[in-house]
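To start, the structure itself, in structure tokens.
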Amino acid sequence: MGRTKLGSPRIATGVFALLCLGIGAGPTYAHKEKHTAEQLKAFDDAFMEQVKIGDLLFHGDEETQKRLGVTLSKTGTACAMCHPYASDTHPYQFPKYQEQMSAFATLRDMINWCIEKPSEGEKIDVSSDAMKALETYIYWSNKNSKLDPGTH
Amino acid sequence: MSDLELLRREMDRTLRVPGERPSDSTTLTRRTFLHRSLLRGVAGAAAYGLFPTLSTIDIAFAQTAQAFKFAWISDTHLYPKDFNTRFVEKSTRAIKEAQALSPPADFLMFGGDLAQLGNPVELQLGSDLLQEIKIKKFFIPGEHDWYLDMGATWNQMFGKAPWTFDHKGVRIVGLDTVSHAEDFWTSRKLTAKERMGHMATLDGTLGGAWAAVGNEQLTWLNSTLSNWPKDKPVIVFSHNPLYEYYPPWNFWVRDWREVHETLRPYTNVTNIHGHVHQPVYNEIGKLRSIGMLATSWPWPYPPEGVPILTRPMIRVDPGDPFDGVGWGHISEGADGRVDAQYKMWRKEVFATEQVDSGTGDNDNQILRPRVADRI
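In order, the protein sequence lines correspond to chains A and B.
The C-terminal position of the first sequence is numbered 166 in this note's numbering, with every residue numbered one higher than the one before it.
The C-terminal position of the second sequence is numbered 378 in this note's numbering, with every residue numbered one higher than the one before it.
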């Protein structure tokens, strides 16, 4: 499966579960009614699904890269090699001026820069499923760190 | 105060009698000075591209008046040559510089993780690159060297650890801290490659607390040191640090308490280790530990547990593959003073401001173990 600009043609199972619960389809009643425990669990499952996909990509899993049509490294390196537990990714400091890019950057910009430069891979579409998954894992792994944007 | 702090203080109270500290005959200073070759205008300095400022930890073994110097290279993490050329380039650079030491080092200590995935091709590549080193070489394994074939190729090529020899008044010991992982692969029916893959992931879940010295080796260490005078210098080489630095990344050995008990009678022990890919220094009781650089890539300082005595390096520039890595040497002059030097390919090693420090993030950085490899 090649990369597509519209994202993966297969709907992830978490999102499918949400659709089955009537969320996201048809007129939106959800904001007028209290969330049920099942709905909240479905939101969480959809989130954790992306965390797991992002975790696999972050650690260089070949199968997941193939499935999402991305090449994050051509030299055997993976993000987690320099960033165990997604340490030193400091997602809570973005957006900021990023020295290495000589540009003002969001986390996604930095992810792509890292894929291209230290990891010697191919940049990915910033709106792709792979990018969202990587971002999800990085944020999840740094959860409860204090928001601190613009910090060098 | 964190649990780790409390534990360390308790260990220090237990292991060190009030008033006791690491031997006075071993003095410690830190200073920064310009590379000697620059002051003499040697052409070799131009190869650095910058003016390297070497920051040193000077350890003086006052009781031995003989001069010696040894080089340390570790954590090369080699892939096959055509697959990842950067790691080869960095190792080659360190090897060339170590061989070019003048006067030459007495021996080279290779501190483990020669290969990345334990592949005989990778180990052979490492061995071939190290042919450039003409002085005697000593080896201890890293986990990346071991878990494809449980050390078969490593032991055949580089010999078994532990080992010991005496050199100019110092008893030197090389330990194996990597072969004692608890078996997580048999029950899961993992292939050798899968086992190696899990062990090669620093933040992997299945390997667990794999780093250990083990009872057999502790007994061996005890008997090896038993006829050595208690106040004469001992150097213990290990891949992993011999204290509890950051267990989730195996920046420790799980039986570090027993190691310290075994080393307790000796007043002058220095542990030199790899695995952490960063400059780190600690003292617990009378034992000093010095963490050396990797040639392959640097690791961030963990969110907690960085020893208070560590002067962290300036945080790494991810855009420069040669930043944050290097090699080192420990040398002793004729007057008994010993320099432990980090040879980094950058202008300055240590940070002086929090904003420049590799630990600068740690006040705010909260991390969690990964989920996707819990099989």
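Ideal placement from N, C-alpha and C gives every residue a C-beta, glycine not left out.
Where does residue i fall in DSSP's three states?
i               : result
A354 of chain B : coil
W149 of chain B : helix
N365 of chain B : coil
R39 of chain B  : Low per-residue confidence applies at R39 of chain B: pLDDT is 35, beneath 50, and the placement is therefore not dependable, though the value from the model is reported in the following sentence. Correct three-state label for R39 of chain B: helix.
G200 of chain B : helix
A155 of chain B : helix
G308 of chain B : coil
W259 of chain B : helix
F168 of chain B : strand
R291 of chain B : strand
T270 of chain B : coil
A343 of chain B : strand
V283 of chain B : strand
G327 of chain B : coil
G52 of chain B  : For G52 of chain B, the predicted model reports a pLDDT of 27, less than 50, meaning its position is unreliable; a value from the coordinates is still stated below. Coil, per DSSP.
I378 of chain B : coil
I'd like to know whether the C-beta atoms of residue i and residue j end up nearer to each other than 8 Å.
i               : j               : result
P315 of chain B : A354 of chain B : yes
H80 of chain B  : S241 of chain B : no
L82 of chain A  : G74 of chain A  : no
Y82 of chain B  : F90 of chain B  : yes
S155 of chain A : N367 of chain B : no
L126 of chain B : M160 of chain B : yes
D131 of chain B : F71 of chain B  : no
A215 of chain B : D258 of chain B : yes
Y269 of chain B : L312 of chain B : no
H135 of chain A : K88 of chain A  : Sequence inspection shows Gly at residue 135 of chain A; the His mentioned does not correspond to that position. For G135 of chain A and K88 of chain A, yes; Cβs fall inside 8 Å.
W330 of chain B : E100 of chain B : yes
S292 of chain B : Y246 of chain B : yes
R174 of chain B : W223 of chain B : no
A94 of chain A  : T362 of chain B : no
G90 of chain A  : Y151 of chain A : no
M199 of chain B : G145 of chain B : no
L148 of chain A : F72 of chain A  : yes
H276 of chain B : P244 of chain B : yes
D162 of chain A : Q107 of chain A : yes
N126 of chain A : K137 of chain A : yes
G172 of chain B : A164 of chain B : no
Let me check understanding here. Comparing Cα to Cα, which of the options lies closest to residue i?
i               : options                           : result
R16 of chain B  : B:E264, B:P324 and B:N271         : B:E264
P305 of chain B : B:F240, B:D109, B:Q159 and B:P372 : B:P372
V352 of chain B : B:S190, B:V328 and B:H332         : B:V328
Q281 of chain B : B:L266, B:T180, B:P310 and B:V262 : B:P310
I76 of chain B  : B:E146, B:P83, B:Y82 and B:Q102   : B:Q102
D116 of chain B : B:S229, B:L10, B:D148 and B:E13   : B:D148
K139 of chain B : B:Q119, B:A118 and B:H170         : B:H170
D85 of chain B  : B:M112, B:V124, B:W330 and B:A215 : B:V124
R318 of chain B : A:T103, A:S142 and A:E47          : A:T103
P303 of chain B : B:P232, B:W231, B:D206 and B:A70  : B:D206
M112 of chain B : B:S190, B:L296 and B:P324         : B:L296
G322 of chain B : B:E307, B:P301, B:G308 and B:W252 : B:P301
D326 of chain B : B:R349, B:E356 and B:D6           : B:R349
G288 of chain B : B:T167, B:G277, B:G294 and B:L266 : B:L266
H278 of chain B : B:G308, B:D78, B:D6 and B:M14     : B:D78
Q53 of chain A  : A:D162, A:H97, A:F30 and A:K137   : A:F30
E2 of chain B   : B:N225, B:G129 and B:K235         : Because residue 2 of chain B is not part of the residues shown, which for chain B are 4 to 378, the question remains open.
A212 of chain B : B:V237, B:F254, B:R12 and B:N225  : B:F254
Q179 of chain B : B:W166, B:M347 and B:S226         : Checking the displayed sequence, the identity of residue 179 of chain B turns out to be Asp instead of Gln. The shortest C-alpha separation from D179 of chain B is found at B:W166.
S105 of chain B : B:H332, B:D359, B:T189 and B:E13  : B:H332
S360 of chain B : B:S94, B:D320 and B:L9            : B:D320
With respect to 7 Å, is the separation between the Cβ of residue i and the closest non-hydrogen atom of the ligand FAD below this value?
i               : result
L245 of chain B : You won't find the ligand FAD in this model; it holds no ligand whatsoever.
Practice task
Closer than 7 Å, Cβ to Cβ, to anything on chain B: give me those residues from the stretch 54 to 77 of chain A, in chain order.
Solution key: V65, K66, D69, L70 and H73
Practice task
Could you pull out every unbroken alpha helix (DSSP H) segment of at least 4 residues lying fully inside the stretch 45 to 110 of chain A, listed in chain order?
Solution key: 51 to 72, 76 to 82 and 93 to 96
Problem - the stretch 71 to 87 of chain B: positions lying closer than 7 Å to chain A by Cβ - result: Y82, F86 and N87
Practice task
Could you name the residues of the stretch 150 to 163 of chain A whose beta carbon sits closer than 9 Å to any beta carbon of chain B, in the order they occur along the chain?
Solution key: Y151, W154, S155, N156, K157, N158, S159, K160 and D162
Problem - Every unbroken beta strand (DSSP E) inside the stretch 58 to 141 of chain B [3 residues or more] - result: 71 to 76 and 110 to 113
Problem - Near-chain A residues of the stretch 185 to 211 of chain B (beta-carbon distance less than 7 Å), N- to C-terminal order - result: T204, L205 and D206
Exercise for the section: Write down every uninterrupted run of the beta strand (DSSP E) in the stretch 115 to 155 of chain A whose length is 3 residues or greater and which is fully enclosed by it, in chain order. Expected result: 117 to 119
Problem - Residues of the stretch 340 to 373 of chain B with Cβ closer than 7 Å to any Cβ of chain A, in chain order - result: V358, D364, N367, Q368, I369, L370, R371, P372 and R373
Exercise for the section: List in chain order: all unbroken beta strand (DSSP E) runs of 3+ residues lying wholly within the stretch 170 to 257 of chain B. Expected result: 173 to 177 and 237 to 241
Problem - Residues of the stretch 228 to 261 of chain B whose Cβ lies closer than 7 Å to any Cβ of chain A, in chain order - result: W252
Exercise for the section: Mind checking the stretch 120 to 131 of chain A against chain B and listing, in chain order, the residues whose C-beta falls within less than 8 Å of any C-beta there? Expected result: C128 and K131
Handout entry: Selection of the stretch 77 to 99 of chain A by Cβ proximity to chain B, strictly under 8 Å
Key = T89, G90, T91, A94, M95, C96, H97, P98 and Y99
Exercise for the section: Taking only beta carbons into account, state which residues of the stretch 302 to 315 of chain B come closer than 9 Å to chain A, listed in chain order. Expected result: W302, P303, Y304, P305 and P306
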